[in-house]
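**Q** Residue numbers for the sequence shown follow this note's numbering, beginning at 11 and rising by one.
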Amino acid sequence: MKRFLTAILLVFFCTAISLADDSDLKKIDKNNDGKISKKEYIDAVIKTFNKLDKNTDGFLTKEELKTIDKIDAEKFVKEEDINKDGKVSKEEFIKAAEKRFKLLDKNNNGFIDQKEWNETKDSVNQNNPKISPVAPFIVFSF
Ligand SMILES: [Ca+2]
Ligand SMILES: [Ca+2]
Ligand SMILES: [Ca+2]
């Protein structure tokens, strides 16, 4: 019986993991209106920061970022580290996210809709130099 339960739990756990991999706007769209407001975006960004900041000192270091496959740690710190102390503070992380939101919100209405989201995803896939290859979507890695 115990073994059976473990198997069930394992299946459940694996399903949860594959769901977490789903790169979908819906994960950020908490009020389900089909678009991402700035607040929803920043909330997701803060959650991501807290997950990445393994030692909870309020900074992301290259060492912490290197543990994540999808992130190029060197590039990431270079892009987000405004005061050049070699690590990314929560403030810097949020500032970078705000800039990114502006890029994503192409028609400037304060929301990212599905179309804008997909367009950005496509341009990231095509290595558009204007958009950081890691930044907009790292929130989905979790
Ligand atoms: Ca929304
Ligand atoms: Ca840290
Ligand atoms: Ca810094």
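Even glycine gets a Cβ: it sits at the ideal position worked out from N, Cα and C.
Among residues of its own chain, excluding the 5 on either side of Thr-66, which ones have a beta-carbon nearer than 8 Å to its beta-carbon?
**A** Mapped onto the sequence shown, residue 66 falls at position 56. Excluding residues within five positions, the ones whose Cβ falls inside 8 Å are Asn-60.
**Q** Count the other CB atoms, across all protein chains shown, that sit within 10 Å of the CB of Thr-185; report buried if there are 16 or more and exposed otherwise.
**A** Since the first residue of the chain shown is 11 and the last is 152, residue 185 is not available in this structure.
**Q** Tell me whether Glu-101 counts as near ligand 1, meaning its Cβ is closer than 7 Å to at least one heavy atom of that ligand.
**A** Within the sequence shown, residue 101 is the residue found at index 91, counting from 1. No - ligand 1 has no heavy atom lying nearer than 7 Å to the Cβ of Glu-101.
**Q** Give me the residue from Asn-119, Arg-110, Asn-117 with the minimum Cα distance to Tyr-51.
**A** Here the question's residue 51 lines up with position 41 in the sequence shown. That would be Arg-110, whose Cα lies nearest to the Cα of Tyr-51.
**Q** Answer with buried or exposed for Glu-108, where buried requires no fewer than 16 other C-beta atoms within 10 angstroms of its C-beta.
**A** Here residue 108 refers to the residue found at position 98 of the sequence shown. Per the 10 Å Cβ criterion, exposed.
**Q** With distance defined between alpha-carbon atoms, name the residue in Leu-113, Ile-38, Thr-77 nearest to Ile-56.
**A** Here residue 56 corresponds to residue number 46 of the sequence shown, with the count starting at 1. Nearest of Leu-113, Ile-38, Thr-77 to Ile-56, Cα basis: Ile-38.
**Q** Please list the terminal residues of the continuous beta strand (DSSP E) segment that includes Lys-45.
**A** Position 35 of the sequence shown holds residue 45. 45-47 is the span of the beta strand (DSSP E), which, as asked, contains Lys-45.
**Q** Quick one: does the C-beta of Asn-60 sit closer than 7 Å to a heavy atom of ligand 2?
**A** Sequence index remark: in the sequence shown, residue 60 carries index 50 (1-based). Outside the cutoff, so no.
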